[in-house]
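For the sequence shown, counting from 1, position 250 maps to 249 in numbering that gives the first Met the number 0; every step adds exactly one.
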Amino acid sequence: MKRLIFIGLAFCLIAAFSGCSSTTRATESPQKEAGTELVPSVSSRRETTTLSSGEQQQGARIEFVTREHKMERVIFSGGYLYRLPEISPETLVREVPAGSQGMIYGKREINGRQWAKVTTRDGLTGWYTVPDSAEKAADGSGEGAAGLEETDKVYRSTYPQVAGGVPPEVQNRINAALNEYLEAYRFVTGPVGSNLTCRVTYNRKNLLSLVFSGPPIYFRSYPVSVINDSAAWDRLRRYMFLSPLWGGSDPDLMTAAVTDIQYGMVFDLRTGQRLSTADFIGSGQDGTVRQMLATLGDTAELDPENFYVDEKGQLFLLASRQEPEPGRVPLDLSALVDRNY
Numbered sequence: 000m001k002r003l004i005f006i007g008l009a010f011c012l013i014a015a016f017s018g019c020s021s022t023t024r025a026t027e028s029p030q031k032e033a034g035t036e037l038v039p040s041v042s043s044r045r046e047t048t049t050l051s052s053g054e055q056q057q058g059a060r061i062e063f064v065t066r067e068h069k070m071e072r073v074i075f076s077g078g079y080l081y082r083l084p085e086i087s088p089e090t091l092v093r094e095v096p097a098g099s100q101g102m103i104y105g106k107r108e109i110n111g112r113q114w115a116k117v118t119t120r121d122g123l124t125g126w127y128t129v130p131d132s133a134e135k136a137a138d139g140s141g142e143g144a145a146g147l148e149e150t151d152k153v154y155r156s157t158y159p160q161v162a163g164g165v166p167p168e169v170q171n172r173i174n175a176a177l178n179e180y181l182e183a184y185r186f187v188t189g190p191v192g193s194n195l196t197c198r199v200t201y202n203r204k205n206l207l208s209l210v211f212s213g214p215p216i217y218f219r220s221y222p223v224s225v226i227n228d229s230a231a232w233d234r235l236r237r238y239m240f241l242s243p244l245w246g247g248s249d250p251d252l253m254t255a256a257v258t259d260i261q262y263g264m265v266f267d268l269r270t271g272q273r274l275s276t277a278d279f280i281g282s283g284q285d286g287t288v289r290q291m292l293a294t295l296g297d298t299a300e301l302d303p304e305n306f307y308v309d310e311k312g313q314l315f316l317l318a319s320r321q322e323p324e325p326g327r328v329p330l331d332l333s334a335l336v337d338r339n340y
């Protein structure tokens, strides 16, 4: 009997130690890898919720979820990822575009050069150091003194879910549409993450309008397998703006210099249906809309579902364009609105 109790206690101790979180391990003494000191990056996650009620005005009850992720991140200066932190051709993993971002798990120094263990947005993990060419460009003397260029350590994503005030089938339909956008956003930002905000611009009289916004994602590489999956790629392109793709040394990837995550949605709270600009602008205005769109440039395009309305009766379409700067820009169509809300 005593032997069984001893075995049980031992098993509990093993389970307790094996269940430590990554945050706890990050506070332990630096680990050694391949005979060098690895200084782990500290990572933490936090989630909070808040409620916004519009039920008293024929609106929906909205629950906002905010996720905060703290971790060191790096802006790549070009160069390559390495499988091991030694500079030799056989250890190359892949080229990384200058200006793209990675998430840092830990850093170490070898022969006076700083290395970081990183993961890219598309999920590839390897070791990175600033290439000699970037160091020499940063130091006019040509001797090179640049280190890893680190960026925001804390990213916050805030997104909404309808939590009440409407029939269950309406709630489910709206949340399904919101989740489709969030899935596209999470795919684009990958493990590196980004900042996302959501603003409810109208929530009464059976009408819900909101707009997502955040900084553009620069130099995001996309797998060719995803691009060739027409259904998946169309879903991504529905919610995200991408600048033209180009290929590199890796035939399995293509890169967009800019991915814009701004997106607006307007719903009918009686049915849960997405509304379009045609529900707010009178018929016969197509020519006027095209003329207004042309003021944004020859490459400007519109998606009639990508817009939002506000309490002042204004309507803003988020138009896409490639020039002069690729991305989405608001187009004020308020003068054409003929719907009272």
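Even for Gly, the Cβ is constructed at its ideal location relative to N, Cα and C. Given the structure is predicted, the values throughout are model-derived calculations rather than measurements.
Quick check: the Cα distance between residue i and residue j, rounded to an integer number of angstroms?
{"i": "Arg219", "j": "Leu80", "result": "15 Å"}
{"i": "Glu142", "j": "Asn110", "result": "Confidence at Glu142 is low in this model, with a pLDDT of 43, below 50, so its placement is unreliable and no value can be given for it."}
{"i": "Ser20", "j": "Tyr104", "result": "Only weak support is given to the placement of Ser20: the predicted model assigns it a pLDDT of 32, under 50, and the value that follows is read from those uncertain coordinates. Rounded to the nearest angstrom, the two C-alpha atoms are 14 Å apart."}
{"i": "Leu209", "j": "Pro130", "result": "43 Å"}
{"i": "Val199", "j": "Glu310", "result": "10 Å"}
{"i": "Tyr154", "j": "Gly326", "result": "21 Å"}
{"i": "Gln284", "j": "Gly271", "result": "26 Å"}
{"i": "Asp233", "j": "Ala318", "result": "17 Å"}
{"i": "Asp331", "j": "Ser76", "result": "38 Å"}
{"i": "Met291", "j": "Gly189", "result": "36 Å"}
{"i": "Pro357", "j": "Arg236", "result": "The requested residue 357 is not part of the displayed model; the chain covers only 0 to 340."}
{"i": "Pro250", "j": "Gly101", "result": "21 Å"}
{"i": "Leu314", "j": "Pro303", "result": "12 Å"}
{"i": "Met264", "j": "Glu89", "result": "49 Å"}
{"i": "Asn205", "j": "Ala299", "result": "32 Å"}
{"i": "Thr22", "j": "Lys152", "result": "At Thr22, the pLDDT of 31 sits below 50, so the modelled position is not reliable; the number obtained from the coordinates is stated separately. Taking the straight line from one Cα to the other gives about 15 Å."}
{"i": "Met253", "j": "Ser43", "result": "31 Å"}
{"i": "Thr276", "j": "Ser229", "result": "26 Å"}
Starting from residue i, follow the alpha helix (DSSP H) in both directions and report where the run begins and ends.
{"i": "Tyr180", "result": "Pro167 to Thr188"}
{"i": "Asp233", "result": "Ser229 to Tyr238"}
{"i": "Gly286", "result": "Asp285 to Ala293"}
{"i": "Ser224", "result": "Val223 to Ile226"}
From the options, pick the residue whose C-alpha is nearest to that of residue i; which is it?
{"i": "Ile226", "options": "Val199, Val187 and Val191", "result": "Val187"}
{"i": "Leu177", "options": "Thr150, Gly326, Asn305 and Asp285", "result": "Asn305"}
{"i": "Arg45", "options": "Glu149, Leu37 and Met70", "result": "Met70"}
{"i": "Arg66", "options": "Thr254, Leu274, Lys204 and Thr196", "result": "Thr196"}
{"i": "Gly163", "options": "Ala334, Ser275, Arg269 and Ser43", "result": "Arg269"}
{"i": "Thr47", "options": "Val64, Leu37, Ser40 and Gly58", "result": "Val64"}
{"i": "Ser212", "options": "Met239, Ala334 and Glu324", "result": "Met239"}
{"i": "Tyr340", "options": "Asp151, Lys106 and Tyr201", "result": "Tyr201"}
{"i": "Tyr353", "options": "Leu301, Arg289, Gln321 and Ser248", "result": "The chain is shown from 0 up to 340; residue 353 falls before or after that span and cannot be answered."}
{"i": "Val336", "options": "Val328, Thr298, Ala299 and Val288", "result": "Val288"}
{"i": "Val257", "options": "Phe266, Glu149, Leu244 and Ser248", "result": "Leu244"}
{"i": "Ser156", "options": "Asp228, Val191, Tyr217 and Ser282", "result": "Val191"}
{"i": "Gly78", "options": "Pro214, Asp297 and Ser132", "result": "Ser132"}
Going along the chain, which residues of its own chain have a beta-carbon closer than 6 Å to the beta-carbon of residue i, five neighbours each way excluded?
{"i": "Pro167", "result": "none"}
{"i": "Leu181", "result": "Tyr158"}
{"i": "Gln160", "result": "Glu62 and Asn174"}
Spatial neighbours of residue i within its chain, please: CB distance less than 7 Å, with the 5 preceding and 5 following residues excluded, ordered by chain position.
{"i": "Leu147", "result": "Val73, Gln113, Ala115 and Val129"}
{"i": "Tyr184", "result": "Leu195 and Ile260"}
Following the continuous beta strand (DSSP E) through residue i, name the residue where it begins and the one where it ends.
{"i": "Ile61", "result": "Arg60 to Lys69"}
{"i": "Lys152", "result": "Neither: Lys152 is in no beta strand (DSSP E) and is coded neither H nor E."}
{"i": "Arg93", "result": "Leu91 to Glu94"}
{"i": "Asn202", "result": "Thr196 to Arg203"}
{"i": "Ala318", "result": "Leu314 to Arg320"}
{"i": "Gly122", "result": "It is not in any beta strand (DSSP E) - Gly122 carries neither H nor E in the DSSP assignment."}
{"i": "Met267", "result": "The amino acid at residue 267 is misidentified as Met; the sequence shows Asp. Run containing Asp267: Tyr262 to Asp267, per the beta strand (DSSP E) assignment."}
{"i": "Gln57", "result": "No beta strand (DSSP E) holds Gln57; DSSP gives it neither H nor E."}
{"i": "Arg72", "result": "Arg72 to Ile74"}
{"i": "Val210", "result": "Leu206 to Ser212"}
With residue i and residue j assumed to form a contact (beta carbons below 8 Å), what rounded beta-carbon distance in angstroms separates them?
{"i": "Ser99", "j": "Thr119", "result": "7 Å"}
{"i": "Ala231", "j": "Ser242", "result": "Between Ser242 and Ala231 the Cβ distance is about 19 Å, and since that is not below 8 Å, they are no contact."}
{"i": "Arg82", "j": "Val92", "result": "5 Å"}
{"i": "Val308", "j": "Phe279", "result": "7 Å"}
Whose C-beta lies closer than 8 Å to the C-beta of residue i among residues of the same chain, with five residues either side of it excluded?
{"i": "Arg203", "result": "Gly53, Gln56, Gln57 and Gly58"}
{"i": "Asp297", "result": "Glu322"}
Does residue i have its Cβ less than 7 Å from a Cβ in chain D?
{"i": "Leu335", "result": "No chain D appears in the structure shown, which is made up of a single protein chain."}
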